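Heads up: the sequence lines are chains A and B, in that order. Position 145 of the first sequence, counted from 1, bears residue number 145 in full-length UniProt numbering, the numbering being contiguous throughout. Position 165 of the second sequence, counted from 1, bears residue number 165 in full-length UniProt numbering, the numbering being contiguous throughout. Cβ coordinates follow ideal geometry from the N, Cα and C atoms, glycine included. Keep in mind that this is a model prediction, so the values were computed, not measured.
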Amino acid sequence: MTSERTAIPLIVLHSRPYSDSSLIIETFSEHQGRIPVLSKGARRTGKQSLRAQLQMGVLIEACVTGRGEIKSLVRPEVIESTAGFYGESFAMASYISELLIKLTHPGDPHPSLFSKILNCFKAISTRQNTLLSIRLFEQCLLTEMGVNVDYEQDVNGNAIDANEFYRLTPFYGFECVAMDDKNVESRSSHVPLKGEALLAISRQYLSDAAVLSTVKYINRRLIDAQLGTTKLNSRELWLKWHGRYQQTQKASLSMQNNKA
Amino acid sequence: MKQSPLLENMIEALRCLPGVGRKSAQRMAYYLLERDRTGGQKLANSLAQAMVDIQHCQQCKNFTENELCVVCANPRRDHSTVCIVESPADVIAIESSGVFSGVFFVLMGHLSPLDGIGPEELGLEILEKRLVSGDVQEIIMATGSTVEGEATAHFIRDMVEPYQIPVTRIAQGVPMGGELEYLDANTLARSITERRKLDF
Ligand SMILES: [Zn+2]
């Protein structure tokens, strides 16, 4: 256990105004997992530079004191800031924070997640290797949740065959889909997954776009199973940002018609 | 100690104020009862009336008891320039700067999926109606310089794009009387990338 006087590195996941002049900040630490903290007076006039620093994705170093559910943040200092999250990047970064807030408990240690979160925020803000970093983060989060999927063996104990197709059942594993079932499967929401892709995932060969989209599908179904009925607002925002395009097309059409 | 029911109710009710716990609520209640009954009566009346009558302006969403707020109802203001802000307090701040003669749109917050605030909660469809009307010539984004404020500005810019209305963002950088050495790195970086030509 670290002393309250030692400054520890913390990743800011989210901050929101609290009472007149303070902020409640969700942070993630290397050894104590998620820590919600109160930063007193952070919104006061003259403290704008502090407020500017305590933003999503920023790595800070600070002391965390107090015994209650919400601890106090003392002497925060920025170690690494981000290039900011613009447009869709904001929805993606929010997705990372939202998953951590909804799926991890304050104080539960998840040391392997720390660097993955940091990489993710960095990748999203610089728009480099974004999708891969998000998938690796999701995989790590799932492992931390105790979700271990066997990518080499199906539910019946048979080795995954590169030429066969499989169906994923969360909490259970991959099940081989019989040849004549394939048409039925592709019409339902459960996409049959290629054995070849599963084997690539097990070897962490994720550079191929098709493999990466299989990872996305699998992670999504596993995460949804963990979330249960809890909805992800960031996912909805992301969809809206995309849906906007079609809507705006329609809007500009009606504008042209009005002018005509 | 439990108080009489009326007093207990009053203390409980006062606790809905931000930053007011039981102790402060108790202090306020005693103060009003002991020293300022007229003030208390006035407070109760004005609260009762305001809570029923004050709604949102149909054009800018700011608080008003009329269909339109004083700014929107003023024909002398420039209705073609719309400044988008997060809160009614921001309207007051910009008004007191005395340099803006356009009208506002008050989001009453910013995009914050983690707090369950999406585009609908900000009433962006009301803003879009104003864009469709064709009266708007410029949009000034004056949301906060936070991650959420920036994201909100970008979301609205994407929304405005098909209407081909210029969108500007309020300038950010060194505050008046600010000395560079005390400025945080982000603000300083912003003030350098968004530097302007010196012309008097
Ligand atoms: Zn108005």
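Proximity test, Cβ basis, 8 Å: residue i and chain A
| i | result |
| --- | --- |
| threonine 143 of chain B | no |
| proline 18 of chain B | yes |
| glutamate 150 of chain B | yes |
| glycine 118 of chain B | yes |
| valine 82 of chain B | no |
| aspartate 115 of chain B | yes |
| valine 167 of chain B | no |
| valine 71 of chain B | no |
| alanine 185 of chain B | yes |
| phenylalanine 105 of chain B | no |
| threonine 146 of chain B | yes |
Residue i at chain B interface by Cβ criterion, 8 Å
| i | result |
| --- | --- |
| isoleucine 24 of chain A | no |
| arginine 16 of chain A | yes |
| lysine 71 of chain A | no |
| residue 282 of chain A | With chain A represented from 1 up to 260, any question about residue 282 of chain A goes unanswered, as that position is not in the structure. |
| alanine 197 of chain A | no |
| serine 133 of chain A | no |
Nearest-angstrom Cβ-Cβ length linking residue i and residue j, presumed shorter than 8 Å
| i | j | result |
| --- | --- | --- |
| glycine 107 of chain A | glutamine 226 of chain A | With 8 Å as the limit, glycine 107 of chain A and glutamine 226 of chain A do not qualify as a contact, their Cβ atoms being about 19 Å apart. |
| serine 81 of chain A | valine 37 of chain A | Not confirmed; about 18 Å, so no contact. |
| arginine 190 of chain B | glutamine 172 of chain B | 5 Å |
| alanine 29 of chain B | leucine 7 of chain B | 6 Å |
| phenylalanine 105 of chain B | leucine 127 of chain B | 5 Å |
| valine 12 of chain A | isoleucine 24 of chain A | Their Cβ separation, rounded to whole angstroms, is 11 Å, which puts valine 12 of chain A and isoleucine 24 of chain A out of contact at 8 Å. |
| leucine 59 of chain A | isoleucine 35 of chain A | No, leucine 59 of chain A and isoleucine 35 of chain A are not in contact; Cβ-Cβ is about 14 Å, not under 8 Å. |
Closest by C-alpha distance to residue i, when choosing among the options
| i | options | result |
| --- | --- | --- |
| tryptophan 241 of chain A | A:Val12, A:Tyr217, A:Ala91 and A:Glu196 | A:Ala91 |
| isoleucine 165 of chain B | B:Val136, B:Ala89, B:Ser46 and B:Asp115 | B:Val136 |
| residue 330 of chain A | A:Ser19, A:Ser112, A:Gln53 and A:Ile223 | No statement about residue 330 of chain A is possible, as the shown extent of chain A runs from 1 to 260 and does not include it. |
| asparagine 233 of chain A | A:Thr169, A:Val12, A:Lys102 and A:Lys194 | A:Lys102 |
| proline 17 of chain A | B:Val103, B:Gly144, B:Ser133 and B:Asn66 | B:Gly144 |
| glycine 173 of chain A | A:Asp161, A:Ala162 and A:Glu152 | A:Glu152 |
| glutamate 236 of chain A | B:Pro75, B:Val167 and B:Ser112 | B:Ser112 |
| alanine 73 of chain B | B:Leu43, B:Cys60, B:Arg37 and B:Val52 | B:Cys60 |
| serine 101 of chain B | B:Ser87, B:Val71, B:Val85 and B:Leu122 | B:Val71 |
| methionine 56 of chain A | A:Ser97, A:Gly66, A:Trp238 and A:Lys231 | A:Ser97 |
Beta-carbon proximity list for residue i, same chain, < 8 Å, skipping 5 on both sides
| i | result |
| --- | --- |
| arginine 135 of chain A | Leu206, Leu212, Val215, Lys216 and Asn219 |
Where residue i falls: helix, strand or coil (DSSP)
| i | result |
| --- | --- |
| histidine 242 of chain A | helix |
| aspartate 115 of chain B | helix |
| arginine 44 of chain A | coil |
| alanine 93 of chain B | helix |
| aspartate 158 of chain B | helix |
| glutamate 125 of chain B | helix |
| tyrosine 166 of chain A | strand |
| glycine 39 of chain B | helix |
| methionine 141 of chain B | strand |
| lysine 71 of chain A | strand |
| tyrosine 182 of chain B | helix |
Close-in-space but distant-in-sequence residues of the same chain around residue i (CB under 7 Å, 5 per side omitted)
| i | result |
| --- | --- |
| valine 191 of chain A | Tyr217 |
| glutamate 185 of chain A | Only weak support is given to the placement of glutamate 185 of chain A: the predicted model assigns it a pLDDT of 49, under 50, and the value that follows is read from those uncertain coordinates. Excluding positions up to five away in sequence, the list reads Arg167, Val177 and Pro192. |
Ligand 2 heavy atom lying under 7 Å from the CB of residue i
| i | result |
| --- | --- |
| cysteine 83 of chain B | Ligand 2 is absent from the structure shown, which contains only ligand 1. |
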